[in-house]
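Enquirer: Same order as they appear, the protein sequences are chains P and U. Its first residue numbered 1, the first sequence is counted upward by one per residue in our numbering. Its first residue numbered 1001, the second sequence is counted upward by one per residue in our numbering. Okay, here's the structure, questions in a sec.
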Amino acid sequence: MVQKNLNLKNKLIRYFPLILLYFSVLNEFDIDVPSFGLLSFNLPFIIIFYWSLKDPDHIGSGLIFISGVLNDVTLGHPIGVSSFIYLIIIAFASYLRNITLRPNIYKDSIIFLIAILFANSVNALILSFIFFAEIIFYEILTNTILTFLLYFIFAKMFNYLKPVSA
Amino acid sequence: MASGRDDFIIAVRSAFLKKSNKQQFSLLALIIFSILLIFLSNLNFIGIKYVKIGVNEATYRLSAIISYPEKKLNESFIFLSEYFNVYKENQNLKEKVDKLNAEKLSYTFLENENKKLKEIVGENTNSSDLIISKVLIDKDGKFLKSIILNKGSKDGIKKGMVVLETNYLVGQVIEVNYTTSRAILISDLNSNIPVVIEPGSFQSILSGTGKNYGKIKYSKNKLLLNEATIVYTSGSGGNFRAGLPIGKINNEIEDLAVEFFSDLSQLSYVKIQSIEGQTE
């Protein structure tokens, strides 16, 4: 019985990043700050980048691709856009993993910032030039900055989770 | 120098083509597949349309369940903040009720007179069906301001139908699935509604700003509008019935800004209206 409970707990911890990813693509997180309005951050970017960098087998690219499709449906975007953006984030993380000998959170975060700036730019370009949607660039910029700042907190949290879930 | 370039090429090749034991697909294959999906979506490929309808049905329900705790938390917070303002609001409402009662009498007279005049002129008074729908998801996306409704084609919802809260215009249906549908809000950047501004009967276009207010655009004359100016749908273009109230001018927010009568971030139940003879 104790062994069974332990297995369940281990499984829950093992699949926690995946559950969190699917939870966040189905429910976008917003923080209501009175003087700034509604601030949102992109939790899927953080989860995908961190786990593709530290443990690519933890969340497979196929599952990330599907989460992108679900995100497109939830937000009303054309199918395939978010999947493409998520795969760009994976590409940046994989490249960083291949060239890094001694991992360091500050180096990771700089590449993360470049990755999300590039991904959000590609997203805006696809939506405006292919699908002719109008975009508020200020909102995307605040979203990018907040996502970057929160990367440090989530990375710390995932660092504790990584040895347990391995 | 050549070695550095080789390292870069090896790292890029490894990132895009290498897959570990647990990975089913290489990154490059998935990227190519997603680009293909984007182009097929852009070309409105029929297969993609059916896949999208299927995914929509499942995802909207799932998303509504997952968003439920956050929605309830927001509602509780709003309830609490409203509770503390209740006395002041009650006094204001009493004053408003007195005023409205007085105005109602004159409006009833005007409504009857308007009906008679329309009959004389020969204009059709469009009969309309109302469908009450619950808002399943009201997430504010970075790119699209829309709501998901729990009524779809099986309930008679069609693309282009008008979405109202009480009697105020809040949006239009843009996507219909079997049991759910999506409506674009009037605050969305891509929303442009032909309106008439009263008093004065100025014809114009109301555009969404992506925020909780709209803006008057494309006005022929330089308009001098004050706080008492109300914006209604004009009915031009045939997408909306004429005379649906939308909001009032509020120059404090921005020049020619329109403050909506409905709070678009707090929609829980809406009315979906079809107008006979409306083009679909």
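We treat Cβ as the ideally placed atom computed from N, Cα and C, and that holds for glycine. Quantities reported herein were computed from a predicted structural model and do not represent experimental measurements.
1) In whole angstroms, give me the CA-to-CA distance for L87(P) and L146(P).
2) Taking C-alpha atoms, which residue in I110(P), D55(P) and S40(P) lies nearest to N159(P)?
3) Roughly how far, in whole angstroms, is the beta-carbon of L53(P) from the beta-carbon of L18(P), given that I think they are within contact range, below 8 angstroms?
4) From the DSSP output, in three-state form, read off S1274(U) for me.
5) Could you tell me if R102(P) is buried or exposed, where buried requires 16 or more neighbouring beta carbons within 10 angstroms of its beta carbon?
6) Tell me, please, whether the CB atom of T1180(U) is closer than 7 angstroms to any CB atom in chain P?
7) Use the C-beta contact count for S40(P): other C-beta atoms within 10 angstroms, 16 or more gives buried, fewer gives exposed.
8) Can you tell me where the alpha helix (DSSP H) with A1029(U) in it begins and where it stops?
9) Taking the continuous alpha helix (DSSP H) assigned at A74(P), which residues delimit it?
10) Would a C-beta distance cut-off of 7 angstroms place S121(P) and F1025(U) closer than the cut-off?
11) From R1061(U) to G1152(U), what does the alpha carbon distance come to, in whole angstroms?
12) Listing by chain order, which chain P residues have their CB less than 8 angstroms from the CB of N1150(U)?
13) I'd like to know whether the C-beta atoms of A1011(U) and I99(P) end up nearer to each other than 7 angstroms.
14) Can you give me the Cβ contacts of I1174(U) inside the same chain, cut-off strictly under 7 angstroms, excluding the 5 residues immediately before and after it?
15) CB-CB under 6 angstroms to E1280(U), same chain, minus the five flanking residues each way: which ones, in chain order?
16) Identify whether K1104(U) lies in helix, strand or coil by the three-state DSSP scheme.
17) Classify E134(P) as helix, strand or coil using the three-state DSSP reduction.
18) Closer than 8 angstroms, Cβ to any Cβ of chain U: which residues of the region 57-85 of chain P, in chain order?
19) Reducing DSSP to helix, strand and coil, say where F1260(U) ends up.
20) With H, G and I counted as helix, E and B as strand and the rest as coil, what does DSSP make of I153(P)?
21) How many whole angstroms separate the CB atoms of I136(P) and S128(P), which I take to be in contact at a CB cut-off of 8 angstroms?
22) For a contact defined as C-beta to C-beta under 7 angstroms, what are the partners of S1063(U) on chain P?
23) Show which residues of chain P have a CB atom less than 8 angstroms away from the CB atom of I1048(U).
24) Return the first residue and the last residue of the beta strand (DSSP E) that G1208(U) is part of.
25) Give a yes or no on whether the minimum CB-CB distance between F1079(U) and chain C is below 7 angstroms.
26) Rounded to a whole number of angstroms, what is the C-alpha to C-alpha distance between F1261(U) and I1246(U)?
27) In chain order, what residues of the region 1025-1058 of chain U put their CB closer than 7 angstroms to some CB of chain P?
28) By DSSP, does T1233(U) sit in helix, in strand, or in coil?
29) Check N143(P) in the structure and name its three-state DSSP category.
30) Which residues in chain U have a C-beta closer than 8 angstroms to the C-beta of L87(P)? List them in chain order.
31) What would DSSP say about E1252(U), mapped onto helix, strand or coil?
32) Buried or exposed: N143(P), going by 16 or more other Cβ atoms within 10 Å of its Cβ?
33) Assuming D1155(U) and I1147(U) form a contact by the criterion Cβ under 8 angstroms, report the distance between their Cβ atoms to the nearest whole angstrom.
34) Would you call E1082(U) buried or exposed, if buried means 16 or more other Cβ atoms sit within 10 Å of its Cβ?
35) State yes or no: is the C-beta of Y1168(U) within less than 7 angstroms of the C-beta of V1196(U)?
36) Anything in chain U within Cβ reach of Y95(P), meaning under 8 angstroms, just list it in chain order.
Expert: Result, derived from the coordinates:
1) Here residue 87(P) is taken as the residue at index 87 of the first sequence, counted from 1. Here residue 146(P) is taken as the residue at index 146 of the first sequence, counted from 1. Answer to the nearest angstrom: the Cα atoms are 21 angstroms apart.
2) As a first step, residue 159(P) is located in the first sequence; it is residue number 159 there, counting from the start. With distances taken between Cα atoms, N159(P) lies closest to D55(P).
3) By 1-based counting over the first sequence, the position of residue 53(P) is 53. By 1-based counting over the first sequence, the position of residue 18(P) is 18. Not a contact, Cβ separation roughly 16 angstroms.
4) Residue mapping note: residue 1274(U) aligns to position 274 of the second sequence, counting from 1. The answer is strand: DSSP assigns S1274(U) an E or B state.
5) Position 102 of the first sequence, counting from 1, holds the residue named residue 102(P). By the 10 Å Cβ count, R102(P) comes out exposed.
6) Within the second sequence, the letter at position 180 stands for residue 1180(U). Closer than 7 angstroms: no.
7) By 1-based counting over the first sequence, the position of residue 40(P) is 40. Buried is the call here.
8) Here the question's residue 1029(U) lines up with position 29 in the second sequence. It spans L1027 to N1042 - the alpha helix (DSSP H) in which A1029(U) sits, taken as one unbroken run.
9) Here residue 74(P) is taken as the residue at index 74 of the first sequence, counted from 1. The sequence given here has Thr at residue 74(P), not Ala. Its alpha helix (DSSP H) spans residues S61 to L75.
10) To locate residue 121(P), count along the first sequence from 1; it is residue 121. To locate residue 1025(U), count along the second sequence from 1; it is residue 25. No, these two residues do not count as a Cβ contact at 7 angstroms.
11) Reading the second sequence from its first residue, position 61 is the one you call residue 1061(U). Reading the second sequence from its first residue, position 152 is the one you call residue 1152(U). Between R1061(U) and G1152(U), the C-alpha separation is close to 13 angstroms.
12) Indexing the second sequence from 1 puts residue 1150(U) at position 150. Those within 8 angstroms of N1150(U) in chain P number zero; the least Cβ separation is about 15 angstroms.
13) For this step, residue 1011(U) is matched to residue 11 along the second sequence. For this step, residue 99(P) is matched to residue 99 along the first sequence. Taking 7 angstroms as the Cβ cut-off, A1011(U) and I99(P) qualify as a contacting pair.
14) Locating residue 1174(U) in the second sequence gives position 174, where the first residue counts as 1. If we look at I1174(U) and ignore the five residues flanking it on each side, its Cβ neighbours are K1159, R1182, A1183 and I1184.
15) Counting from one through the second sequence, the residue named residue 1280(U) turns up at place 280. Residue placement at E1280(U) cannot be trusted, given a pLDDT of 37 that sits under 50; what the coordinates show is reported in the next sentence. Correct list, in chain order: K1158 and G1160.
16) If you number the second sequence from 1, residue 1104(U) lands on position 104. In this structure, K1104(U) counts as helix in the three-state DSSP scheme.
17) For the purposes of this step, residue 134(P) is identified with residue 134 of the first sequence, where counting begins at 1. In the structure shown, E134(P) sits in coil (DSSP, three-state: anything other than H, G, I, E or B).
18) D57, G60, S61, G62, F65, G68, V69, L70, V73, T74, L75, G76, H77, P78, I79, G80, V81, S83 and F84
19) The residue given as residue 1260(U) occupies position 260 in the second sequence. In the structure shown, F1260(U) adopts extended strand secondary structure according to DSSP, grouped into three states.
20) Your numbering for residue 153(P) matches position 153 in the first sequence. DSSP places I153(P) in helix when its eight states are reduced to three.
21) Numbered from its first residue, the first sequence carries residue 136(P) at position 136. Numbered from its first residue, the first sequence carries residue 128(P) at position 128. About 11 angstroms separates the two Cβ atoms, so there is no contact after all.
22) Residue numbering aside, residue 1063(U) sits at position 63 when the second sequence is read from its first letter. Chain P residues near S1063(U): L26, N27 and T74.
23) Position 48 of the second sequence, counted from the start, is the residue given in the question as residue 1048(U). The contacting residues are I79.
24) Counting from 1 along the second sequence, the entry for residue 1208(U) is found at position 208. For G1208(U), the uninterrupted beta strand (DSSP E) run begins and ends at F1202 to G1208, by DSSP.
25) Here the protein chains are P and U, and chain C is not one of them.
26) Residue numbering aside, residue 1261(U) sits at position 261 when the second sequence is read from its first letter. Residue numbering aside, residue 1246(U) sits at position 246 when the second sequence is read from its first letter. Answer to the nearest angstrom: the Cα atoms are 6 angstroms apart.
27) F1025, L1027, L1030, I1031, S1034, I1035, L1037, I1038, S1041, N1042, I1048, K1052, V1055 and N1056
28) Numbered from its first residue, the second sequence carries residue 1233(U) at position 233. Strand, per DSSP.
29) Taking the first sequence and counting its residues from 1, the one referred to as residue 143(P) is at position 143. Helix.
30) Counted from its first residue, the first sequence places residue 87(P) at position 87. Residues of chain U passing the Cβ test: L1027, L1030, I1031 and S1034.
31) Position 252 of the second sequence, counted from the first residue, corresponds to residue 1252(U). Three-state result, E1252(U): coil.
32) The residue given as residue 143(P) occupies position 143 in the first sequence. Answer is buried; the Cβ neighbour count reaches 16.
33) Here residue 1155(U) is taken as the residue at index 155 of the second sequence, counted from 1. Here residue 1147(U) is taken as the residue at index 147 of the second sequence, counted from 1. With 8 angstroms as the limit, D1155(U) and I1147(U) do not qualify as a contact, their Cβ atoms being about 16 angstroms apart.
34) Within the second sequence, residue 1082(U) is the residue found at index 82, counting from 1. Exposed.
35) Residue mapping note: residue 1168(U) aligns to position 168 of the second sequence, counting from 1. Residue mapping note: residue 1196(U) aligns to position 196 of the second sequence, counting from 1. In this structure, V1196(U) does not lie closer than 7 angstroms to Y1168(U) by Cβ.
36) As a first step, residue 95(P) is located in the first sequence; it is residue number 95 there, counting from the start. Ordered by position in chain U, the residues that pass the 8 angstroms Cβ test against Y95(P) are A1011, V1012 and A1015.
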